[in-house]
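Residue numbers (the numbering used here), protein chains in the order written: chain A, 1 to 318; chain B, 319 to 636; chain C, 637 to 954.
This is the structure:
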């Protein structure tokens, strides 16, 4: 495997390992899950990310990795395989992304895996690291992508939602956030490219640097999501919209999307710098100390820290 | 008359004519209305598009073509003539666009005229087909343009509203939509250029590809219109705003608008590709079949299809 | 002192002076306040613009120039000095801007000082006139800037808010406006560059050319401010957000902001043309007559004109 900027990072990792002896952040290993059986993706109820073909034209991708729907290198690889299927299929017109996990759409990126598991991943077809590669390819799919957010969508959960075409949130039960600056590092999945173009520079800076939780209703007012809907109506609304689009002519969909993208797609060139800023920043002692403090309080385990992440990032004392 | 891409389209039209023998879409002829008496525009109460000079500085353009305010090649030519008057006048500062037709601002482009009536039109001064030419010149007027939307503004009705400077809608009685993708073709009047820059990529994709009806209140929340106002207040509000602007100094208006446009005018280069995508897509069998089915159900005649167009586009069975 | 485009303006000033014999607009002199004691800025309760270091990371800039918080050349110089301190400080992470003056955040630019006091100012480090220079440098600070708006923020008050990173307004007591076109001239502090990128072209044209007052609630709906908050909660909210950001890691803040700015910062090249358009337009007889009429009714003095500026600009009779 060709290491991604391996030389530089190996050095930095040595530093961060020394700083984090009791609760190593980005330093526990769980390689077993890396060998994903791609054959089983469509069928298995037990898949961490489940692909359901509701019809030839309407597919569903369901995050099913309790208790928090954490996304790490293994899940990124699963998502890339699903993305390849969507890219390769000539008939799919619309894909809905949702979650089976109560309280969580996607909590955030895996902060307990060794960082080299992330940095060592081979670049994707865009030439970028698989995380920005995934985001860009998700945005550029011919199929229309709709994200249905119930529960927390923080960090890479928010970033996946932003890279998709449309976002709908539960008024009562959605929480969106880019918590990263609150934990001492720069978000890596491209929200600095996507958010300002959706909500304007002022609200983007508040979301990204205030780094606090946004409920569905406020996310709608800001334009962070298309619309917030009463929780009891969310599934029916998203399904009706997807069914509707699946019934339309593919040529008309694809050509229309192409021209919308010409007017408004964030330039790909802004994505890799965001990932690089994440990797650089997360290895700094300041970030390591903040993440360590959050992990000690309960980050990446079910409980109050994950539920009220916006409050906990502000409690750090230098 | 110099045909616009005539060679290619003649071939495609032959194909579409064969497919649509019972209800020819874009294939009935009504050339009488093409000879517009431009002299009468300002005065005649019976003009399909009525130009009223409320004062030297404040003009009004009223769509008055019942029962649906359909815009076809003849009406485009009328609009172009009105546009030329606005362009040529040194004193007009503000132009309000509204409708006298109950229930309709502008239903949509004429889908029953022969397509060659549209494709055969001579390019406008921008070098583009008269429809994108009209939109670009509308946006670039020195005069400020305000659209008052009561009733349905679909397709080219929505596109005219987007190309104007400001849009206000009746909370109770406005319906905006880009229904085209639901009818199997790409919108031709530039909404892929205008909408993403007003409402962001996510909401633009929902409007354009979901292709459903938006009421005034939701249109405001999305930024599709400046503001929705109670129906009883709409006329007074728009008139007060226009009167206000008409009282201001023209130099200040023009120079301010110039700098706003430098920051935010959609590039003209995005407009002709949208029109070309419309012409290509509308001739495909998939679009011809969908439009034919809609026409058979009542499209372009008063009744439920035009009132609830968003519902009917989703009812098509392949 | 090196004059800023002095030759041309001297001629134009001669013209305007002749037109405004009874109430000279931009023509009274008060040079005393030009010599600002920069040493005292931080400490003095009596400073017109007060800099308070609430902590090493959290600073506050308070406009304290009753009765209207007018900003003229002298106050621009004070602001530039404060800006230089923020730029030079390695530790400050967040700066809140607010006002002590009841009813006014900042009324507008000083319209009673001689215009040459403004045009004669030496260019700032960006090479631009100090007003656009100030706006650009405010936007490009490494520190996060938050504006808390209670009372009227018109003209340069609105422009400072737009050039800052985030804006929060009192629901009950904030009034935002770009009144300039209503007074016959083009706004000079860059809102044509900032507003369309925050609120879209349609709403920007309404704000800038309608030139009317926007209350906090409507400003939020338009995206003119991040959020409107009940007056009783505004200070606590802004303080909590600033305290929160001040507790975060500076590297993460700065690198995140850099990438947001890459995606959404208005280009500096649009700022000087706005200032030039202001200077040119404000010297025209039409503007001089309108400003003179407003001054005669009470502009730049406490009273109804300043409170309801949007109404008074529309009352001018040519």
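Note that CB positions come from ideal geometry on N, CA and C, so glycine has one too.
Give the secondary structure of residue 462 of chain B by DSSP, where H, G and I count as helix, E and B as strand, and everything else as coil. Residue numbering aside, residue 462 of chain B sits at position 144 when the second chain is read from its first letter. Three-state DSSP puts residue 462 of chain B in a strand.
When the distance is taken between beta carbons, is residue 152 of chain A closer than 9 Å to residue 106 of chain A? Reading the first chain from its first residue, position 106 is the one you call residue 106 of chain A. Reading the first chain from its first residue, position 152 is the one you call residue 152 of chain A. Taking a C-beta distance under 9 Å as the contact criterion, residue 106 of chain A and residue 152 of chain A qualify as a contact pair.
Give me the residue from A:276, A:271, A:95 and A:304 with the minimum Cα distance to residue 133 of chain A. As a position in the first chain, residue 133 of chain A is number 133, starting the count at 1. Closest in C-alpha terms to residue 133 of chain A, from the list A:276, A:271, A:95 and A:304, comes A:271.
Beta strand (DSSP E) containing residue 802 of chain C: first to last residue? For the purposes of this step, residue 802 of chain C is taken as residue 166 along the third chain, with counting starting at 1. Segment 802-813, the beta strand (DSSP E) holding residue 802 of chain C.
Less than 8 Å between C-beta atoms, sequence neighbours within five positions excluded: which residues of the same chain meet that for residue 482 of chain B? The residue given as residue 482 of chain B occupies position 164 in the second chain. For residue 482 of chain B, same chain residues with a beta-carbon under 8 Å away, outside a window of 5 residues either side, are 415, 456, 457, 463, 464 and 465 in chain order.
At which residues does the alpha helix (DSSP H) containing residue 82 of chain A begin and terminate? For this step, residue 82 of chain A is matched to residue 82 along the first chain. Residue 82 of chain A -> alpha helix (DSSP H) spans 73-88.
Residue 731 of chain C CB to nearest chain A CB: under 9 Å? Reading the third chain from its first residue, position 95 is the one you call residue 731 of chain C. At a cut-off of 9 Å between beta-carbon atoms, residue 731 of chain C makes no contact with chain A.
Tell me the start and end of each unbroken alpha helix (DSSP H) in the stretch 749-780 of chain C that is at least 4 residues and wholly inside, in chain order. Counting whole runs of 4 or more residues, the stretch 749-780 of chain C contains the alpha helix (DSSP H) stretches 751-755 and 766-776.
Per-residue DSSP class, three states only, for residue 551 of chain B: Taking the first residue of the second chain as position 1, residue 551 of chain B is located at position 233. Three-state DSSP puts residue 551 of chain B in a helix.
Closer than 9 Å to chain C by CB, residue 308 of chain A: Mapped onto the first chain, residue 308 of chain A falls at position 308. By this cut-off, residue 308 of chain A is not an interface position.
Closer than 9 Å, Cβ to Cβ, to anything on chain C: give me those residues from the stretch 571-592 of chain B, in chain order. Per Cβ criterion, the list reads 571, 573, 574, 575, 576, 577, 578, 579, 580, 581, 582, 583 and 584.
List the residues of chain B whose Cβ lies closer than 9 Å to the Cβ of residue 840 of chain C, in chain order. Residue numbering aside, residue 840 of chain C sits at position 204 when the third chain is read from its first letter. What residue 840 of chain C touches in chain B: 578, 581 and 582.
Cα-Cα separation between residue 231 of chain A and residue 172 of chain A, rounded to whole angstroms: Position 231 of the first chain, counting from 1, holds the residue named residue 231 of chain A. Position 172 of the first chain, counting from 1, holds the residue named residue 172 of chain A. One C-alpha to the other measures close to 6 Å.
Just to make sure I have the definition right: I need the residues of chain C whose C-beta is within less than 8 Å of the C-beta of residue 456 of chain B. Which are they? Position 138 of the second chain, counted from the first residue, corresponds to residue 456 of chain B. Result: empty, since nearest Cβ-Cβ is about 13 Å, beyond 8 Å.
Between which two residues does the beta strand (DSSP E) containing residue 638 of chain B stretch? Coverage of chain B is limited to positions 319 through 636, which leaves residue 638 of chain B absent and any answer about it impossible.
Hey, is residue 700 of chain C close to the ligand NAP, as in C-beta under 8 Å from one of its heavy atoms? The ligand NAP is not part of the structure shown, which contains no ligands of any sort.
Hey, quick one: how far does the alpha helix (DSSP H) through residue 917 of chain C stretch, first residue to last? Working through the third chain from its first residue, we reach residue 917 of chain C at position 281. Taken as a continuous stretch (DSSP letters only), the alpha helix (DSSP H) holding residue 917 of chain C covers 907-918.
Between the alpha carbons of residue 914 of chain C and residue 569 of chain B, how many angstroms are there, rounded? Here residue 914 of chain C refers to the residue found at position 278 when the third chain is read from its first residue. Here residue 569 of chain B refers to the residue found at position 251 when the second chain is read from its first residue. Residue 914 of chain C and residue 569 of chain B have their C-alpha atoms roughly 11 Å apart.
Listed by chain order, chain C residues near residue 224 of chain A by CB distance under 8 Å: Taking the first residue of the first chain as 1, we reach residue 224 of chain A at position 224. By Cβ distance, chain C contributes nothing, its closest Cβ being about 12 Å from residue 224 of chain A, past 8 Å.
Suppose you measure from the CA of residue 225 of chain A to the CA of residue 917 of chain C; what does that come to, to the nearest Å? Walking along the first chain from the start, residue 225 of chain A turns up at place 225. Walking along the third chain from the start, residue 917 of chain C turns up at place 281. Those two C-alpha atoms are separated by around 41 Å.
Assigned secondary structure, residue 835 of chain C (DSSP; H/G/I helix, E/B strand, else coil): Taking the third chain and counting its residues from 1, one reaches residue 835 of chain C at position 199. Three-state result, residue 835 of chain C: helix.
My understanding is that residue 300 of chain A touches residue 79 of chain A, with C-beta atoms under 8 Å, so please give their C-beta distance in whole angstroms. Working through the first chain from its first residue, we reach residue 300 of chain A at position 300. Working through the first chain from its first residue, we reach residue 79 of chain A at position 79. 19 Å between Cβ atoms; not a contact.
Distance between residue 940 of chain C and residue 554 of chain B (C-alpha atoms, nearest Å): The sequence position of residue 554 of chain B within the second chain is 236, counting from 1. The sequence position of residue 940 of chain C within the third chain is 304, counting from 1. It is roughly 25 Å from the alpha-carbon of residue 554 of chain B to the alpha-carbon of residue 940 of chain C.
Could you tell me which chain A residues have their CB closer than 7 Å to the CB of residue 815 of chain C, listed as they occur along the chain? As a working mapping, residue 815 of chain C is identified with position 179 in the third chain. Under the 7 Å cutoff, chain A gives no residues; its nearest Cβ is about 21 Å from residue 815 of chain C.
Measuring alpha carbon to alpha carbon, tell me which residue in C:766, C:724 and C:735 is nearest residue 825 of chain C. As a working mapping, residue 825 of chain C is identified with position 189 in the third chain. Answer by Cα proximity: C:766.
Contacts of residue 877 of chain C in chain A (Cβ-Cβ under 9 Å): Stepping through the third chain from its first residue, residue 877 of chain C is reached at position 241. Within 9 Å Cβ-Cβ: 206, 210 and 212.
Measuring CA to CA, which of C:884, C:900 and C:828 is closest to residue 196 of chain A? Numbered from 1 along the first chain, position 196 holds the residue referred to as residue 196 of chain A. Proximity to residue 196 of chain A across C:884, C:900 and C:828 peaks at C:900, based on C-alpha coordinates.
Nearest neighbour of residue 418 of chain B, chosen from B:381, B:399, B:376 and B:628 [CA to CA]: One-based indexing of the second chain puts residue 418 of chain B at position 100. The shortest C-alpha separation from residue 418 of chain B is found at B:381.
Spatial neighbours of residue 951 of chain C within its chain, please: C-beta separation below 7 Å, excluding the five flanking residues on both sides. Here residue 951 of chain C refers to the residue found at position 315 of the third chain. Leaving aside the five residues that flank residue 951 of chain C on each side, none in its chain has a CB nearer than 7 Å to its CB.
What does a CB cutoff of less than 6 Å around residue 834 of chain C pick up in its chain, not counting 5 residues either side in sequence? Against the third chain, residue 834 of chain C aligns to sequence position 198. Excluding sequence neighbours, residue 834 of chain C sits near 859.
Starting from the Cα of residue 840 of chain C, find the closest Cα among C:810, C:795 and C:804 and give me that residue. On the third chain, residue 840 of chain C is found 204 positions in, with the first residue counted as 1. Checked all of C:810, C:795 and C:804; the closest Cα to residue 840 of chain C is C:795.
If you compare alpha carbons, which of C:763, C:828 and C:843 is closest to residue 578 of chain C? Within the shown structure, residues of chain C are numbered from 637 to 954, placing residue 578 of chain C beyond reach of any answer.
Where does residue 432 of chain B land, buried or exposed, given buried means 16+ other C-beta within 10 angstroms? To locate residue 432 of chain B, count along the second chain from 1; it is residue 114. Buried is the call here.
At a Cβ threshold of 9 Å, is residue 144 of chain A touching chain B? On the first chain, position 144 is the one that residue 144 of chain A refers to. Cβ-Cβ to chain B under 9 Å: yes for residue 144 of chain A.
Applying a beta-carbon distance threshold of less than 8 Å, which residues of chain B neighbour residue 873 of chain C? In the third chain, counting from the first residue as 1, residue 873 of chain C sits at position 237. Per Cβ cutoff of 8 Å: no residues; residue 873 of chain C is ~23 Å from chain B at best.
Go ahead and pull the three-state DSSP assignment for residue 467 of chain B. Position 149 of the second chain holds residue 467 of chain B. In the structure shown, residue 467 of chain B adopts extended strand secondary structure according to DSSP, grouped into three states.
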